[in-house]
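Trainee: Got a structure for you, written out below as structure tokens; questions coming shortly.
Residue numbers (our numbering): 320 to 718.
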């Protein structure tokens, strides 16, 4: 019971910002005495601190409290297909250090780059490794509860990534699918805030989705494999996907496939920047517009499947390519979704753009140890990822 009460108070302070003891008692339904005792403990531990005064109606000013930013630090990594982004944050989610490293997508090299990134951001920020609460790593593919990664698209077959990383550091390691960590960042700090039933969509070279149920957790399925939306079938026996199947949604809306259709339509050589360069054109040539409008149709049909299956109140469109493409073609995407979805669930769903930048996966990964801290009431926990949401949420302070 004590741990649960501490957890409730910490969660309110983290997501709700500065609050008085009286406000915490009201929001957690704990007695004033319990709040005072537990807050006193956490102040002695250095986990919570007093941070100013606020006036009250005719009485003495009330002391405001907050989670102490420098109590511990967290690190998050976004493992892309050619590079790793590693970022270090304090407990107010202010980014203190960041580094990007290239890799060749081989598991051993990726693990080495991730650990190098961890050491570099710790050094940049000037913090002690012992003060790092945990290191969350977001990766493509299916991640089981033991941190083993399978990704047919990139050729990773039962890679024990968590164990590989544990061998190189004493910092607790958390490994999770990158679409889910992206989703957690948007649910805590971005466009998903306040939603109870949501789908956070991530479109880059790969395509994924995180389905949030009842504002509390992700739908993971029986073996943590759920959410591979990019590998649902859009066209029977259609174009070959990187995973080896044919007709997958990813084969039509993944960044590489959009780029190759643009190259064929324009006669330009394909390159990784082609999609973004074409999206930045103020006046699009007709062949370019046709490719993008076709892509909006494919994406809208895929979103309609999510609407018909899960009836979310909100779909958030993000990812390196999804956020930029959505910003230019959101009306066309919505119109295509309306054509393919059932009318009533579509009318009850909003389709919107993500609010966080390209580091959303890394930021979400960094919240994995924070979620554990909140769930455990500040007490030592396990290194199994905790992805959970609360109704009271705030934006992180960014530097």
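Here a beta-carbon is modelled for each residue, glycine too, at the ideal position from N, C-alpha and C.
In terms of residue numbering, what span does the alpha helix (DSSP H) encompassing residue 680 cover?
Mentor: Its alpha helix (DSSP H) spans residues 679-694.
Trainee: What is the C-beta distance between residue 660 and residue 634, in whole angstroms, given that I count them as a contact (C-beta under 8 angstroms)?
Mentor: Wrong, their Cβ atoms sit about 11 angstroms apart, outside the cutoff.
Trainee: Within this structure, are the beta carbons of residue 681 and residue 457 separated by less than 8 angstroms?
Mentor: Judged by their CB atoms, residue 681 and residue 457 are nearer to each other than the 8 angstroms cut-off.
Trainee: Can you tell me whether DSSP reads residue 409 as helix, strand or coil?
Mentor: strand
Trainee: By the three-class DSSP mapping on this structure, what secondary structure does residue 354 have?
Mentor: helix
Trainee: What's the gap between the Cα of residue 500 and the Cα of residue 379?
Mentor: 43 angstroms
Trainee: Quick check: residue 567 and residue 581, are their CB atoms within less than 8 angstroms of each other?
Mentor: no
Trainee: Going by DSSP, what residue range makes up the beta strand (DSSP E) through residue 500?
Mentor: No beta strand (DSSP E) contains residue 500, which is instead part of the alpha helix (DSSP H) from 497-508.
Trainee: Got a sec, what are the start and stop residues for the alpha helix (DSSP H) residue 621 sits in?
Mentor: Note, residue 621: alpha helix (DSSP H), 605-629.
Trainee: Three or more C-beta pairs closer than 8 angstroms, one from the segment 462-482 and one from the segment 634-643: is that the case here?
Mentor: no
Trainee: Taking DSSP as the reference, what is the three-state secondary structure of residue 326?
Mentor: helix
Trainee: Smallest Cα separation from residue 577: which of 565, 562, 595 and 563?
Mentor: Comparing alpha-carbon positions, the option among 565, 562, 595 and 563 lying closest to residue 577 turns out to be 595.
Trainee: Compute the beta-carbon to beta-carbon distance between residue 520 and residue 629, rounded to the nearest angstrom, for a pair I have assumed lies under 8 angstroms.
Mentor: Not really, about 12 angstroms apart at Cβ, beyond 8 angstroms.
Trainee: If we define contact as Cβ-Cβ less than 8 angstroms, is residue 682 a contact residue for chain C?
Mentor: Included in the structure is just one protein chain, with no chain C present.
Trainee: Suppose the cutoff is 7 angstroms on Cβ atoms and the five residues either side in sequence are ignored; what does the same chain contact list for residue 469 look like?
Mentor: 460, 461, 475, 476 and 477
Trainee: When burial is assigned at 16 or more other CB atoms within 10 Å of the CB, is residue 678 buried or exposed?
Mentor: Answer is buried; the Cβ neighbour count reaches 16.
Trainee: For residue 542, count the other beta carbons within 10 Å of its own beta carbon; 16 or more makes it buried, fewer makes it exposed. Which is it?
Mentor: exposed
Trainee: On a Cα-Cα basis, can you pick out the residue from 348, 663, 490 and 373 that is closest to residue 337?
Mentor: Of the candidates 348, 663, 490 and 373, the one whose C-alpha sits nearest the C-alpha of residue 337 is 373.
Trainee: Look at residue 386 and residue 408 and say whether their C-beta atoms are less than 8 angstroms apart.
Mentor: no
Trainee: Taking the alpha carbon of residue 414 as the point to measure from, which residue in 425, 421, 399 and 441 has its own alpha carbon closest?
Mentor: With distances taken between CA atoms, residue 414 lies nearest to 441 out of 425, 421, 399 and 441.
Trainee: In its own chain, which residues sit with a C-beta less than 7 angstroms from the C-beta of residue 321, not counting the 5 before and 5 after it?
Mentor: So no residue of the chain qualifies.
Trainee: Contact defined as beta carbons within less than 8 angstroms: I believe residue 683 pairs with residue 395. What is the distance between those atoms, to the nearest angstrom?
Mentor: 7 angstroms
Trainee: Please work out which residues of its chain come closer than 6 angstroms, Cβ to Cβ, to residue 669, disregarding the five sequence neighbours upstream and downstream, and give them in chain order.
Mentor: 633
Trainee: In the DSSP assignment, the alpha helix (DSSP H) including residue 583 goes from what residue to what residue?
Mentor: First-last of the alpha helix (DSSP H) with residue 583: 574-585.
Trainee: From the DSSP output, in three-state form, read off residue 521 for me.
Mentor: Three-state result, residue 521: strand.
Trainee: If residue 606 and residue 585 are in contact, beta carbons under 8 angstroms, what's the gap, nearest whole angstrom?
Mentor: So it is a contact: roughly 6 angstroms between Cβ atoms.
Trainee: For residue 561, which option in 536, 526, 653 and 479 has the closest C-alpha, if you only look at C-alpha atoms?
Mentor: Here the closest residue by C-alpha is 526.
Trainee: With the cut-off set at 8 angstroms, would you say residue 427 and residue 687 are in Cβ contact?
Mentor: Cβ atoms of residue 427 and residue 687: not closer than 8 angstroms.
Trainee: Could you name the residues of the same chain whose beta carbon sits closer than 7 angstroms to that of residue 353, not counting the 5 residues immediately before and after it, in chain order?
Mentor: 324
Trainee: In the DSSP assignment, find the beta strand (DSSP E) that holds residue 392 and state where it starts and stops.
Mentor: For residue 392, the enclosing beta strand (DSSP E) begins and ends at 392-398.
Trainee: What is the DSSP secondary structure of residue 359, counted as helix, strand or coil?
Mentor: helix
Trainee: Return the Cβ separation of residue 410 and residue 689 in integer angstroms, given the expectation that the two are a contact with Cβ distance under 8 angstroms.
Mentor: 7 angstroms
Trainee: Is residue 399 closer than 8 angstroms to residue 418 when the C-beta atoms are compared?
Mentor: Result no, Cβ atoms of residue 418 and residue 399 do not sit closer than 8 angstroms.
Trainee: Does DSSP put residue 490 in a helix, in a strand, or in coil?
Mentor: coil
Trainee: Classify residue 714: buried if its beta carbon has 16 or more other beta carbons within 10 angstroms, exposed otherwise.
Mentor: A caution first: residue 714 carries a pLDDT of 42, below 50, which makes its placement in the model too unreliable to give a value.
Trainee: Rounding to the nearest angstrom, what Cα-Cα distance links residue 551 and residue 540 in this structure?
Mentor: 15 angstroms
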